[in-house]
Each structure stands twice: as structure tokens, then as C-alpha cells.
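J.:
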Amino acid sequence: MKTRHASRLVCVGLGLALAACGHETDESELASPEHGSNQPKAIYLRDSNGSPMGLASANEVLVQYKLDANNADKKRVKDKVRGSRKNGVHSKVMKDNGEGELELVELPIDQTLEAALEDLKDDPALTFAEPNFIYQHTAVSNDPFFTNGSLFGMYGNTSTPANAFGSQAGEAWTKNQICNNGVYVGVIDEGIMTTHEDLVNNIWVNPFDPVDGRDNDGNGLIDDTNGWDFAANNRSVFDGPSDDHGTHVAGTIGAKGGNGKGVAGVCWSVTLISAKFLGQSGGSTLGAIRAIDYFTDLKRRHGLNIVATNNSWGGGGFSLSLKNAIDRANAAGILFVAAAGNGGSDGISDNNDTTPSYPASYTSSNIISVAALNNRGQLASFSNFGATSVDIGAPGSGIVSTVPSATSTSAYASFSGTSMATPHVTGAVALFASLNPGATAAQIKAAILGSAVPTPAVTGKCVTGGRLNLGDF
Numbered sequence: 004m005k006t007r008h009a010s011r012l013v014c015v016g017l018g019l020a021l022a023a024c025g026h027e028t029d030e031s032e033l034a035s036p037e038h039g040s041n042q043p044k045a046i047y048l049r050d051s052n053g054s055p056m057g058l059a060s061a062n063e064v065l066v067q068y069k070l071d072a073n074n075a076d077k078k079r080v081k082d083k084v085r086g087s088r089k090n091g092v093h094s095k096v097m098k099d100n101g102e103g104e105l106e107l108v109e110l111p112i113d114q115t116l117e118a119a120l121e122d123l124k125d126d127p128a129l130t131f132a133e134p135n136f137i138y139q140h141t142a143v144s145n146d147p148f149f150t151n152g153s154l155f156g157m158y159g160n161t162s163t164p165a166n167a168f169g170s171q172a173g174e175a176w177t178k179n180q181i182c183n184n185g186v187y188v189g190v191i192d193e194g195i196m197t198t199h200e201d202l203v204n205n206i207w208v209n210p211f212d213p214v215d216g217r218d219n220d221g222n223g224l225i226d227d228t229n230g231w232d233f234a235a236n237n238r239s240v241f242d243g244p245s246d247d248h249g250t251h252v253a254g255t256i257g258a259k260g261g262n263g264k265g266v267a268g269v270c271w272s273v274t275l276i277s278a279k280f281l282g283q284s285g286g287s288t289l290g291a292i293r294a295i296d297y298f299t300d301l302k303r304r305h306g307l308n309i310v311a312t313n314n315s316w317g318g319g320g321f322s323l324s325l326k327n328a329i330d331r332a333n334a335a336g337i338l339f340v341a342a343a344g345n346g347g348s349d350g351i352s353d354n355n356d357t358t359p360s361y362p363a364s365y366t367s368s369n370i371i372s373v374a375a376l377n378n379r380g381q382l383a384s385f386s387n388f389g390a391t392s393v394d395i396g397a398p399g400s401g402i403v404s405t406v407p408s409a410t411s412t413s414a415y416a417s418f419s420g421t422s423m424a425t426p427h428v429t430g431a432v433a434l435f436a437s438l439n440p441g442a443t444a445a446q447i448k449a450a451i452l453g454s455a456v457p458t459p460a461v462t463g464k465c466v467t468g469g470r471l472n473l474g475d476f
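In this text, residue positions in the sequence shown follow the numbering used here: the first is 4, and each later residue adds one.
#1: For the putative contact between S322 and A341, defined by C-beta atoms under 8 Å, what is the C-beta separation to the nearest angstrom?
#2: How would you label A118, buried or exposed, when you count the other beta carbons within 10 angstroms and need 16 or more for buried?
#3: With a CB to CB cut of under 6 Å and the five nearest residues on each side skipped, what residues in its chain are close to C270?
#4: Could you give the distance in angstroms between the alpha-carbon of L452 and the alpha-carbon of S386?
#5: Leaving out the 5 sequence neighbours to the left and right, which residues in its chain are closer than 7 Å to V3 when beta-carbon positions are compared?
#6: What are the uninterrupted segments assigned as beta strand (DSSP E) that are 3 or more residues long and contained completely in the region 333 to 382, given in chain order?
#7: Which runs of the beta strand (DSSP E) at least 3 residues long sit entirely within the region 30 to 115? Give them in chain order.
#8: Run through DSSP, which three-state label would E121 get?
#9: Between which two residues does the alpha helix (DSSP H) harbouring F298 extend?
#10: Where K94 and I225 are concerned, what is the direct C-alpha to C-alpha distance, given to the nearest angstrom?
#11: Which two residues bound the contiguous alpha helix (DSSP H) that contains F418?
#12: To which residues does DSSP link A460 through a beta bridge?
#13: Around the C-beta of V461, are 16 or more other C-beta atoms found within 10 angstroms, so that it is buried, or is it exposed?
#14: Going by CA-CA distance only, name the one from F136, L48, I329 and S277 that's closest to V96.
#15: Inspect the beta-carbon positions of I46 and L65 and report whether they are closer than 8 Å.
#16: Output the distance between the C-alpha atoms of H248 and T421, rounded to the nearest integer angstrom.
#17: So, for F211: in the same chain, excluding its five sequence neighbours on each side, which residues have a beta-carbon less than 7 Å away from its beta-carbon?
#18: Beta-carbon of N387 versus every beta-carbon of chain B: anything under 8 Å?
#19: Please return the same chain residues whose Cβ sits closer than 7 Å to the Cβ of V252, not counting the five positions on each side in sequence.
#20: Do you know offhand how far K326's Cα is from S367's?
#21: Determine the DSSP secondary structure at D192, reduced to helix, strand or coil.
#22: Got a sec, what are the start and stop residues for the alpha helix (DSSP H) A311 sits in?
#23: Is there contact here, the region 441 to 450 with the region 197 to 213, by at least three beta-carbon pairs under 8 Å?
#24: If G230 and I276 are in contact, beta carbons under 8 Å, what's the gap, nearest whole angstrom?
#25: Is N222 buried or exposed, if buried means 16 or more other CB atoms sit within 10 Å of its CB?
#26: Need the endpoints of the alpha helix (DSSP H) that T421 sits in, please.
#27: Flag this pair as yes or no: are the beta carbons of L281 and A234 separated by less than 8 Å?
#28: Please state whether the Cβ-Cβ distance between V240 and K279 is less than 8 Å.
#29: Measuring only the C-alpha atoms, how far is G350 from A424?
#30: Going by alpha carbons, who is nearest to G91 out of G344, V84, E106 and N100?
#31: Which residues does DSSP pair with R470 in a beta bridge?
#32: Give the DSSP-derived three-state secondary structure of A449 in the structure shown.
#33: By the 10 Å Cβ neighbour count, where 16 or more other Cβ atoms means buried, how is G463 classified, buried or exposed?
#34: Have a look at T410 and S245 and give me their C-alpha separation to the nearest angstrom.
#35: Identify the continuous alpha helix (DSSP H) that holds D247 and give its terminal residues.
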């Protein structure tokens, strides 16, 4: 069974008003579009101290308008940089929060990103302007992979098989703590194979928008049956074998347990909703924001018990627009479980206290940042850490879960990464919420962190100094 690190490139715009804090570009690291495509060029950004911030689109800029900005203001902003509208988002939750539209502006070929940010930084119609950064993926049961010893992330001290460095899920299951479908989790990632044999029974079917070619629930999306593809802007959340990372993550959270098939997720009966924003060529900040706001809107308007989103992606610089979306989710009581990151370009672990990895490094109180451990309780060689910026460790090396095969049939594979550690914690959030109806997001987070088992490998390297333990819920 092939093991790999989850490291597919994902385009997501991040970084607040760099012109205001100063930055440099490395012209030697410009990347051109492939084969004459219309993909934006990429440029490597550094902050005023010369520290790397990551790749960003060289010919795009994100602008956040104030709520009272009118069409004339928006035209003037674009004219100032000789740009044109490429995309935009002004979700209902943004409007409810008193926020204006976030617009992606495409720059002409002879306009530099630095100059555009400088021209826009003091514009009275804008709250801020920022680059479009490039992100990376941060890739008792009778289920065969559990019983044959392959699913260490789900084991506990006394489960059969046993591994003290697992999440202790097996011990929870023996007490019949197996979740319920009244708890919902959003998977912000690639798509999910909704017909996978170990997932099909736990995939959300939207009761508010039956398939009839109309937007019955008024969210601007037509027939969003299982969620939405924000990368392609259509209702299909599964587009084939390339959606393996999102399917793998979903399986760790909530693959059906006790069905004699494949694997078991932490939370056997959780309801999974797909928000695909990562396509084969990556994603965008707008896509990520729309995905986050999608879940916030579902909870606010329809009362769905969405307790968390899983975010196994990261990298790049700071984005106020993305942090604002995470904060809107926080206001709705939705936890944002995020991968701590798989190191920099060298794939060797970094200290997030000194080298932030976003979105895990945002200070939003609903974030749980997750490092990866191996089956010996050691910090994985690729896993980021941080005494104050990473919260907890969880199994993330050699994790077996659901994937589509090359022909889009049900299959299983072993991946490694903080991407794989994160859904163990998301599943734990769902399990705790199932066992404690009415618990707030803050209470759930406190319970997850408070139950961590002290672990030498992460002592002084994460807030809890310990690893995930859901056996005592």
C-alpha cells in the first residue's frame, strides 16, 4: 500500500496589505503559466525582513470594499490599477456582519503586484487590499483494516489491536460511543467520493434544495445536494480519482464503522457535507471564503448542527479576508480544525511560533491547530509544531482511509501528513458533540485539549504538550 505526503499545490490568496508592511519579490523565482494557459503567473514574496511568505499570483489582487462602496467607487478602484473584475464574493453572512464585497481583480501584464498594492493601500473605498497566495495541501470494529492492525490512529491502550499512541477511538467504541447523524461536519478540501462504500450512508443530502433546477433555499446555489464545488462553481462535489485527498480526510472523520468493510472513522454516523474548493490546479481565497461562509449560512439560516469544519490545507501569508470568514464561523459556533502544516519547501518540520503556517496560525478562538504523530508517539519528521500556536498532536503518519480507485470505485490507501492528523481531531469534535448535546464550540474545544495525554515528543512543542485522547469522553 503506497504511502505519501499530502502536498498537492493549492492556490489560495492570502496576505494583508503587504504594501503597508513592506515586501520584496524574488524575480528569479517567477513561474510562468503552462502551455499558454490563462493561469496566473506566480511570484515569490518576502516580508520587509526578508523572511519568505510564499508564492502569490503576480497578476491578481484581492480588494475588500467597505459596505457603502458603490459601483462608481468599484470602477475607480479597478481603473486605478488598470484592472478588471475576475471574481467576487459578498455572501449573506458577510452582509450580516456589515462587510462589503471581496473582489478578485486581474491586473494587466505590465502592472506589478507591488505597484498595485501601493496604489490601493489608502483608497477610501477599501478596507484592505492583499495578494493571492498559493497554498499547499497538508495531505470494537469488524472493519478489515481495523482488525488487521493497519488502523493505528483509531487504536487505544486496551483496544484489540492496541496502540497507546492512537486516538483511543477504539476504547470509545467499546462503550458504544459511536456518534450520531444529528451532528454535521463540513469538509473543506477536494471533493468527496459520495458513493464510496464506507461513506455513502453518512453523506448529507440537502433537504432544503431538492433537485429541480431551482435555488429553493435562496443561497445562490442551484441543487447543492451534497454540498458545492466552489472550484468549478457547480453542484458536483466528486469529479473522479483526483478527489482522493478530500475522500481520505472524510473517511478518517466518519467512515461507517461496524459494517464489515474497509475502515472505520472516528465518528461512525456523523453527517458529512462537502465544500470542494481545491481543484486539480488549486483553489482560491474566494473559494475558501465561500466554502466557510456556506457552512456558516447553513447553520444560521437552517439550524443545522454543524460543529466543525475540517481544513487539511495550509501555507502562505496572512489574509484578513480569510480570517474574517473564520471569525464569522466562530460567531456561529463552528470550530475550525486546521492542519499545522508539513514544513516548508524542504518538507522538514517548522516552528509555527516563529514561522506561521496559515490558516492554522490565525488567532481566531475557534481554531484547533493539529500536529502529526507516528505510531510510536513521535512527532512526524514533516510536522510543524509550536508551543503557543499548535494545540495538540494526533495520528498522522501511515493513515489508512477511503479513496477512489483509478476507475472511481471504492478503495483504500495510506497517506501521511498533518492533513491526516487533522480529521482525527475533527472526528473527536463530532463525537464529543454527539455525547454532549448543547455543548458550545468553546466547551468542545476545551474538552478536546483538556483530555490530551502528556506526550514527551510534543512537550513544549504544542499548547497541550500532548496527543489526542477521546477514550475518556
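For each residue, glycine too, the CB sits at the ideal point set by N, CA and C.
T.: A quick look at the data gives this:
#1: Separation of the CB atoms of S322 and A341 is rounded to 14 Å, and the pair is thereby denied contact status at 8 Å.
#2: A118 counts as exposed, since fewer than 16 other C-beta atoms from the protein chains shown sit within 10 angstroms of its C-beta.
#3: Cβ neighbours of C270 beyond the five flanking positions: C182, G257, G430, A433 and L434.
#4: Going from the Cα of L452 to the Cα of S386 covers about 19 Å.
#5: The structure shown has nothing for residue 3, since the chain only spans 4 to 476.
#6: Those beta strand (DSSP E) runs which fall completely within the region 333 to 382 and span 3+ residues are 338 to 342 and 370 to 376.
#7: Runs found: 45 to 50, 55 to 68, 87 to 92 and 105 to 109.
#8: In the structure shown, E121 adopts helical secondary structure according to DSSP, grouped into three states.
#9: F298 -> alpha helix (DSSP H) spans T288 to H305.
#10: As written in the sequence, residue 94 is Ser, which differs from the Lys given in the question. Rounded to whole angstroms, S94 to I225 spans 15 Å at the Cα level.
#11: Note, F418: premise wrong, no alpha helix (DSSP H); beta strand (DSSP E) at S413 to F418.
#12: Paired residue(s): none; A460 is not in a bridge.
#13: Buried.
#14: Nearest option by C-alpha distance: I329.
#15: No.
#16: If I take the Cα positions, the gap works out to 12 Å.
#17: Around F211, the same chain offers N219, D220 and H305 as residues with beta carbons nearer than 7 Å, after the five sequence neighbours per side are excluded.
#18: Given the protein chain composition of this structure (a single chain), no chain B is represented.
#19: If we look at V252 and ignore the five residues flanking it on each side, its Cβ neighbours are V190, D192, N313, S315, S422 and P426.
#20: If I take the Cα positions, the gap works out to 7 Å.
#21: If DSSP states are grouped into helix, strand and coil, D192 belongs with the strands.
#22: Looking at the DSSP string, A311 is not in any alpha helix (DSSP H); the run it does join, the beta strand (DSSP E), is I309 to N314.
#23: With a cut-off of 8 Å, the region 197 to 213 and the region 441 to 450 do not count as touching, because too few Cβ pairs lie within range.
#24: Indeed, because the Cβ distance is near 5 Å, the residues count as touching under 8 Å.
#25: Around the beta carbon of N222, 16 or more other beta carbons sit within 10 angstroms, so the residue counts as buried.
#26: In this chain, the alpha helix (DSSP H) harbouring T421 covers T421 to L438.
#27: Contact: yes.
#28: The answer is yes: Cβ separation under 8 Å.
#29: Computed Cα separation, rounded: 16 Å.
#30: The candidate whose alpha carbon is nearest that of G91 is E106.
#31: Residue pairing of R470 in beta bridges, as defined by DSSP: G396 and V456.
#32: Of the three classes helix, strand and coil, the one that applies to A449 here is helix, per DSSP.
#33: Exposed, since its Cβ has fewer than 16 Cβ neighbours within 10 Å.
#34: Computed Cα separation, rounded: 11 Å.
#35: Segment D247 to G257, the alpha helix (DSSP H) holding D247.
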